[in-house]
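Worksheet for the structure shown next.
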Ligand code: SF4
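Numbering (the working numbering), first residue to last: 21 to 515.
Okay, here's the thing in structure tokens:
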């Protein structure tokens with residue numbers, strides 16, 4: 021029988037594509053980290069967390085249940101004075117692939133520039149850049165000491181990208197259950213992508229629907245960046261610890277506690293590892309690029325987890341999910357949600373009116389050609405270099421803005437980019453969006469509503485959501501703080 025020639029052979033085209041991808045990878049691999057290569061080759065990988073307190077006590081894994089593994093070194097998780105991850109990394113062989121965390125708490129952009137310099141010198145390419153939880157010794161402003169500052173992850177990503185040569189990860193918290201705080205997280209994720217993130221690691225959480233949403237978000241917006249899920253074998257003791265210490269951004273519901281308590285009483289504590297294995301496997305099925313394994317440090321714990329991964333590896337997503345739901349006693353899926361007093365809230369009319377007034381004033385006084393010309397003319401005089409004039413100007417600016425928006429004389433006014441909600445009224449001073457620590461719109465510090473939730477509601481009411489998604493707001497360096505932003509604005513407008 022005569023076989024008709026196929027116009028092309030799809031398998032050889034695939035081979036060609038596949039081989040050329042490998043060829044490209046092989047050519048560029050010296051400049052790519054191993055981790056970037058795993059991602060490029062679509063290999064699911066496991067980040068195994070090591071804390072500085074462990075200091076080479078336990079062997080480092082390069083494979084975890086058959087998946088490539090790298091060590092990930094957390095920054096000041098236990099204590100504010102934990103040894104720096106770059107220092108800890110020195111104690112392990114160079115050829116072990118590492119991810120170095122940098123947390124922005126109590127840091128300035130200059131600290132970060134120094135960190136990047138050191139990372140380059142030590143050949144560390146994989147970074148995970150975080151704004152960071154509240155510093156345990158957070159200082160509120162008083163006469164003796166200035167308030168603690170936080171370098172935002174968006175700004176750290178921008179700088180790392182500008183310098184080049186790094187493979188940059190960012191954190192993301194999809195476990196948010198009030199509308200505004202959830203939208204604020206996703207809007208900031210857009211910014212992190214725009215700033216140059218290469219991969220995303222989620223917060224620790226057990227709500228698989230929220231993890232699915234996070235993955236779907238990347239697909240929907242055609243982001244090529246990889247996403248990994250943070251997982252942890254959740255024991256009753258750990259769950260209680262997290263509740264007691266109010267670990268920022270982690271949701272532990274009464275239902276979770278109830279299940280863990282029952283299991284403990286029935287001697288079924290191994291289920292903690294079964295569930296962790298299932299979560300890793302489900303994430304793999306969903307298209308996650310890997311898992312970030314926290315609090316599973318001891319070799320026995322790791323072996324147990326690996327054993328269960330091997331045991332359930334053959335299951336489909338639906339089978340894993342059935343087992344997961346049975347073990348968690350899931351009926352509706354809301355077992356992982358905190359109790360909500362409300363889901364959605366509109367911006368108030370006074371917030372909208374205030375925005376409109378300030379917007380009009382801002383346009384007239386700072387954006388118009390006339391205003392810039394007059395401002396330039398006024399601030400051109402040398403008198404403004406004299407210390408008394410400087411002080412008088414600063415005081416006038418502070419008096420006129422503090423009562424209205426909470427100004428703290430940062431020297432680089434960002435009100436026009438933050439819908440006139442001053443970033444300084446966030447205890448971490450974040451301008452680009454929220455940290456991961458909100459709880460149903462409440463700030464991680466517990467004393468106020470998160471300003472970024474307020475901002476999202478207002479942005480929706482006045483049709484300005486895009487500004488929260490697109491506008492990358494530069495960080496304020498320590499040097500510019502305590503100077504007049506008016507003068508700085510007009511002088512810069514002149515330049
Ligand atoms: S106001 Fe929002 S972003 Fe700022 S510290 Fe509180 S929770 Fe985090």
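Cβ coordinates follow ideal geometry from the N, Cα and C atoms, glycine included.
Practice task
Report the three-state DSSP secondary structure of residue 296 (helix, strand or coil).
Solution key: Position 276 of the chain shown holds residue 296. Look at residue 296 here: in three-state DSSP terms it is helix.
Practice task
Sort out for me which residues DSSP pairs residue 270 with in a bridge.
Solution key: Stepping through the chain shown from its first residue, residue 270 is reached at position 250. Looking at the DSSP assignment, residue 270 forms no beta bridge with any residue, so it has no partner.
Handout entry: Inter-residue spacing [alpha-carbon to alpha-carbon] between residue 292 and residue 212
Key = Start at 1 with the first residue of the chain shown, and residue 292 comes out as number 272. Start at 1 with the first residue of the chain shown, and residue 212 comes out as number 192. Their Cα atoms are separated by approximately 33 Å.
Practice task
Counting only the same chain and skipping the five closest in sequence on each side, list residues whose C-beta sits under 8 Å from that of residue 438.
Solution key: In the chain shown, the residue the question calls residue 438 occupies position 418. Only 451, 475, 493 meet the Cβ criterion.
Practice task
Flag this pair as touching only if the region 323 to 341 and the region 106 to 117 have three or more C-beta atom pairs under 8 Å; answer yes or no.
Solution key: In short, these stretches do not touch, since the Cβ pair count stays below three.
Handout entry: Contact check, residue 81 vs residue 94, beta carbons under 8 Å
Key = As a first step, residue 81 is located in the chain shown; it is residue number 61 there, counting from the start. As a first step, residue 94 is located in the chain shown; it is residue number 74 there, counting from the start. Not in contact: residue 81 and residue 94 (Cβ atoms no closer than 8 Å).
Exercise for the section: Check whether the region 121 to 135 touches the region 166 to 180, counting contact only when three or more Cβ pairs, one atom from each stretch, lie closer than 8 Å. Expected result: Touching, per the Cβ criterion.
Handout entry: Around the ligand SF4, Cβ to any heavy atom closer than 6 Å, ordered along the chain
Key = The filter returns 446, 447, 448, 450, 454, 455, 457, 458, 463, 464, 465, 470, 471, 472, in chain order.
Problem - beta strand (DSSP E) segment containing residue 243, residue limits - result: The residue labelled residue 243 in the question sits at position 223 within the chain shown. Segment: none, residue 243 is in no beta strand (DSSP E) and carries neither H nor E.
Exercise for the section: Can you grab the Cα-Cα spacing for the pair residue 283 / residue 350, in whole Å? Expected result: Counted from its first residue, the chain shown places residue 283 at position 263. Counted from its first residue, the chain shown places residue 350 at position 330. If I take the Cα positions, the gap works out to 15 Å.
Exercise for the section: Quick one: residues in its chain with C-beta nearer than 7 Å to the C-beta of residue 465, no 5 flanking neighbours on either side, listed in chain order? Expected result: By 1-based counting over the chain shown, the position of residue 465 is 445. Cβ-Cβ distances below 7 Å link residue 465 to 154, 447 in the same chain, with the five nearest sequence neighbours on each side left out; the list follows chain order.
Practice task
Output yes or no for whether 8 Å exceeds the beta carbon distance between residue 230 and residue 253.
Solution key: Residue mapping note: residue 230 aligns to position 210 of the chain shown, counting from 1. Residue mapping note: residue 253 aligns to position 233 of the chain shown, counting from 1. No, the pair does not count as a contact, with Cβ atoms beyond the cut-off.
Exercise for the section: Check residue 343 in the structure and name its three-state DSSP category. Expected result: Position 323 of the chain shown holds residue 343. Per DSSP, reduced to three states, the secondary structure at residue 343 is helical.
Problem - Backbone secondary structure at residue 304 - three-state DSSP - result: In the chain shown, residue 304 corresponds to position 284, counting from 1. Here residue 304 sits in helix by DSSP.
Problem - Proximal residues to residue 503 (C-beta, below 6 Å), its chain only, five neighbours per side dropped - result: Here residue 503 refers to the residue found at position 483 when the chain shown is read from its first residue. For residue 503, where only same-chain residues beyond five positions count, the Cβ hits under 6 Å are 431.
Problem - DSSP bridge partner residues for residue 83 (one or two, in chain order) - result: Locating residue 83 in the chain shown gives position 63, where the first residue counts as 1. DSSP output for residue 83 lists 88 as bridge partner(s).
Exercise for the section: Could you spell out the range, first to last residue, of the alpha helix (DSSP H) harbouring residue 328? Expected result: Here residue 328 refers to the residue found at position 308 when the chain shown is read from its first residue. Taken as a continuous stretch (DSSP letters only), the alpha helix (DSSP H) holding residue 328 covers 319 to 332.
Problem - Reference residue 148; option with closest CA among 223, 234, 419, 83 - result: Translated into the one-based positions of the chain shown, residue 148 becomes position 128. Of the candidates 223, 234, 419, 83, the one whose C-alpha sits nearest the C-alpha of residue 148 is 223.
Practice task
Compute the Euclidean distance between the alpha carbons of residue 220 and residue 436, then round it to the nearest angstrom.
Solution key: Reading the chain shown from its first residue, position 200 is the one you call residue 220. Reading the chain shown from its first residue, position 416 is the one you call residue 436. Residue 220 and residue 436: Cα-Cα distance of roughly 29 Å.
Problem - N-terminal and C-terminal residue of the beta strand (DSSP E) that residue 490 is part of - result: Along the chain shown, one-based indexing puts residue 490 at 470. Segment 485 to 490 is the alpha helix (DSSP H) holding residue 490; no beta strand (DSSP E) there.
Exercise for the section: Could you please give the first and the last residue of the uninterrupted beta strand (DSSP E) stretch that includes residue 132? Expected result: Stepping through the chain shown from its first residue, residue 132 is reached at position 112. First-last for residue 132: 129 to 141, but that is the alpha helix (DSSP H), not the beta strand (DSSP E).
Handout entry: Between the CA atoms of residue 135 and residue 461 - distance to the nearest angstrom
Key = Along the chain shown, one-based indexing puts residue 461 at 441. Along the chain shown, one-based indexing puts residue 135 at 115. One C-alpha to the other measures close to 33 Å.
Handout entry: Bridge partner(s) assigned by DSSP for residue 118
Key = If you number the chain shown from 1, residue 118 lands on position 98. When beta bridges are read from the DSSP output, residue 118 appears opposite 91.
Handout entry: Where residue 126 sits in the DSSP three-state scheme
Key = Stepping through the chain shown from its first residue, residue 126 is reached at position 106. In this structure, residue 126 counts as coil in the three-state DSSP scheme.
Practice task
At 4 residues or longer, and completely inside the region 389 to 446: list those alpha helix (DSSP H) runs for me, N to C.
Solution key: With a minimum length of 4 residues, the unbroken runs of alpha helix (DSSP H) contained wholly in the region 389 to 446 fall at 389 to 399, 407 to 425.
Exercise for the section: Report back the beta-carbon spacing between residue 310 and residue 65 to the nearest angstrom; my notes put them in contact at under 8 Å. Expected result: On the chain shown, position 290 is the one that residue 310 refers to. On the chain shown, position 45 is the one that residue 65 refers to. Between residue 310 and residue 65 the beta-carbon gap is near 4 Å, inside 8 Å, which marks them as a contact.
Practice task
May I ask you to list the residues that DSSP assigns as paired with residue 69?
Solution key: On the chain shown, residue 69 is found 49 positions in, with the first residue counted as 1. Within the DSSP bridge table, the entry for residue 69 names 92 as partners.
Practice task
Using 10 angstroms around the beta-carbon of residue 388, count the other beta-carbons present and answer buried if the total reaches 16, otherwise exposed.
Solution key: Within the chain shown, residue 388 is the residue found at index 368, counting from 1. The residue is exposed, with fewer than 16 neighbouring Cβ atoms inside 10 Å.
Handout entry: Counted within 10 angstroms of its Cβ, other Cβ atoms place residue 381 as buried (16 or more) or exposed
Key = As a working mapping, residue 381 is identified with position 361 in the chain shown. Exposed, since its Cβ has fewer than 16 Cβ neighbours within 10 Å.
Exercise for the section: Could you give the DSSP three-state label for residue 462: helix, strand or coil? Expected result: By one-based count along the chain shown, residue 462 stands at place 442. Strand.
Problem - Alpha-carbon to alpha-carbon, residue 403 and residue 507 - result: The residue labelled residue 507 in the question sits at position 487 within the chain shown. The residue labelled residue 403 in the question sits at position 383 within the chain shown. Near 12 Å, if we compare the C-alpha coordinates of residue 403 and residue 507.
Problem - Straight-line Cα distance separating residue 182 from residue 210 - result: If you number the chain shown from 1, residue 210 lands on position 190. If you number the chain shown from 1, residue 182 lands on position 162. Between residue 210 and residue 182, the alpha-carbon positions lie close to 18 Å from each other.
Exercise for the section: Mind checking who residue 247 pairs with in its DSSP beta bridge? Expected result: The residue given as residue 247 occupies position 227 in the chain shown. Beta-bridge analysis with DSSP links residue 247 to 220.
Handout entry: residue 192 - DSSP class collapsed to helix/strand/coil
Key = For the purposes of this step, residue 192 is taken as residue 172 along the chain shown, with counting starting at 1. Of the three classes helix, strand and coil, the one that applies to residue 192 here is strand, per DSSP.
Problem - residue 249 beta carbon less than 8 Å from that of residue 303 - result: Sequence index remark: in the chain shown, residue 303 carries index 283 (1-based). Sequence index remark: in the chain shown, residue 249 carries index 229 (1-based). Contact flag set, yes.
Practice task
Reducing DSSP to helix, strand and coil, say where residue 452 ends up.
Solution key: The sequence position of residue 452 within the chain shown is 432, counting from 1. Three-state DSSP puts residue 452 in coil, outside helix and strand.
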